[in-house]
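In this note's numbering, the protein residues as written are 26 to 424.
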């Protein structure tokens with residue numbers, strides 16, 4: 026980035042997004058603004074960058090822009106910063122967000138609710154506890170995808186709280202047409218209070234705000250708040266560490282509790298359809314092949330929702346998962362499969378008790394997985410059905 030010197034600071038050119046609430050349907054749009062970036066860490070220098078950003082945004086027709094950050098000079102900008110917006114117990118949003126992170130080797134670190142927001146954000150445990158797995162807030166789990174869902178929900182929930190009614194009303198009455206956050210760099214982070222505020226205003230304008238706070242997963246899918254992303258639609262995530270599985274509790278296929286013979290017999294086809302059970306890897310390993318419309322959608326579902334280990338991702342689009350010691354699930358593009366493999370299949374898996382069936386389906390519901398049939402007693406068994414992104418049915422039951 027080219028710079029020039031003046032008596033105040035070095036100046037370069039930078040690009041940052043501003044976020045615009047959609048007044049007609051729930052959602053947010055972005056506008057990338059090129060402006061003069063004043064280099065330096067002081068608040069005064071940051072404020073000059075904010076001024077430049079807003080000046081350039083106004084040239085594009087945005088008249089009333091709110092800078093929501095700790096560097097804002099606007100009356101509402103500072104109290105709406107995640108460092109200053111607090112819940113009814115006086116805990117800032119930033120602390121609540123950082124203290125909800127769960128990693129491979131630690132977390133959630135609830136003690137971060139009792140330090141300064143800056144100390145919470147910079148706590149070394151957040152960088153030294155391994156891969157991040159999920160968010161956990163007051164017993165409620167949130168997955169890492171869609172990336173900003175948890176932050177949007179948490180921030181909106183706090184701003185909607187009884188202790189922030191006056192602040193919320195001031196925000197709504199000001200009728201801002203765009204929001205900025207000079208501290209937000211999209212190359213380094215994904216959660217942004219400016220974007221969340223734009224979403225908050227859009228949800229309020231379309232009478233969907235309360236719905237989002239009460240049911241963030243359902244509302245996000247219903248209105249495609251994250252570009253249509255649901256549990257099966259995360260095409261941007263090309264690489265994924267299998268240790269990041271979101272399904273450690275409960276374990277869908279605990280190898281220590283299922284004997285090998287039972288593993289082979291409990292996975293079967295209830296409906297007549299094409300199915301391949303070929304011992305192509307070794308004498309004791311069988312494959313089930315599913316023809317799917319979208320490899321990425323189905324890959325995400327079985328890797329991130331079921332937590333199965335991906336053992337192959339070939340150049341021709343074939344993906345293999347290790348289900349257990351003797352069974353491999355193969356995903357193949359439907360158009361490349363003989364006869365365009367029909368669906369839905371129905372595959373069955375038995376668990377030990379009816380209580381475990383109920384526990385699994387409660388967990389499926391919390392993950393927004395489609396439940397095709399709720400658990401009930403049928404022909405001497407107790408079970409129900411879920412479906413994957415392609416409509417393939419999984420039957421979980423107990424005798």
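Think of the CB as a built atom: it goes at the ideal place given N, C-alpha and C, for glycine as much as any other residue.
Predicted model, so just to flag it, every value in this text is computed and none were measured.
From 147, 214 and 143, residue whose alpha carbon lies closest to that of residue 172: 214
Endpoints, alpha helix (DSSP H) assigned at residue 251: Per DSSP, residue 251 belongs to no alpha helix (DSSP H) and is neither H nor E.
Per-residue DSSP class, three states only, for residue 351: coil
C-alpha distance - residue 246 paired with residue 36, whole-angstrom precision: 42 Å
Whole-angstrom distance between residue 379 and residue 405, CA atom to CA atom: 12 Å
Buried versus exposed, by CB contacts within 10 Å (16 or more), residue 337: exposed
Residues that residue 160 bridges to, as DSSP identifies them: 126 and 167
Collapsed DSSP secondary structure at residue 50 in the structure displayed: coil
Cα-Cα separation between residue 207 and residue 323, rounded to whole angstroms: 38 Å
CA-to-CA distance, residue 375 to residue 423, given in whole angstroms: 6 Å
Test item: CB-CB of residue 150 and residue 167 under 8 Å: no
Validate contact between the segment 312 to 329 and the segment 340 to 353 using beta carbons, cut 8 Å, 3 pairs: yes
Residue 61 (DSSP reduced to helix, strand or coil): strand
DSSP state of residue 44 mapped onto helix, strand, coil: strand
Terminal residues of the beta strand (DSSP E) in which residue 328 lies: Unbroken run through residue 328: none, as it is neither H nor E.
Collapsed DSSP secondary structure at residue 407 in the structure displayed: strand
Any non-hydrogen atom of the ligand ZN closer than 7 Å to residue 75 Cβ: Judged by which ligands are present, the structure shown has none, so any question about the ligand ZN falls away.
Expected contact under 8 Å - CB spacing of residue 94 and residue 106 to nearest Å: 5 Å
Beta strand (DSSP E) segment containing residue 138, residue limits: Premise fails: residue 138 is in no beta strand (DSSP E) and is neither H nor E.
Length of the line joining the Cα atoms of residue 123 and residue 381: 32 Å
Sufficient close CB pairs (3 or more, under 8 Å) joining the segment 109 to 120 to the segment 138 to 154: yes
Test item: CB-CB of residue 92 and residue 216 under 8 Å: no
Environment of residue 203 [buried if 16+ CB atoms lie within 10 Å]: buried
Selected residue, minimal CA-CA separation from residue 413, among 116, 397 and 344: 397
Distance between residue 72 and residue 40 (C-alpha atoms, nearest Å): 16 Å
Anticipated Cβ contact below 8 Å, residue 56 with residue 42, distance rounded: 7 Å
Beta bridge counterpart(s) of residue 423 as assigned by DSSP: 407
Residue 243 - DSSP class collapsed to helix/strand/coil: helix
Start-to-end residues for the alpha helix (DSSP H) that takes in residue 98: Counting along the chain, residue 98 falls outside any alpha helix (DSSP H), and DSSP gives it neither H nor E.
Backbone CA spacing between residue 270 and residue 98 [nearest angstrom]: Because residue 270 carries a pLDDT of 34, less than 50, the predicted location of this residue cannot be relied on, and no value is offered for it.
Neighbourhood of residue 132 by C-beta distance below 7 Å, restricted to the same chain and skipping five residues each side: 126 and 154
Beta strand (DSSP E) segment containing residue 391, residue limits: Premise fails: residue 391 lies in the alpha helix (DSSP H), 379 to 391, not in any beta strand (DSSP E).
C-alpha distance - residue 200 paired with residue 60, whole-angstrom precision: 24 Å
Nearest residue (CA-CA) to residue 343, options 399, 319 and 332: 319
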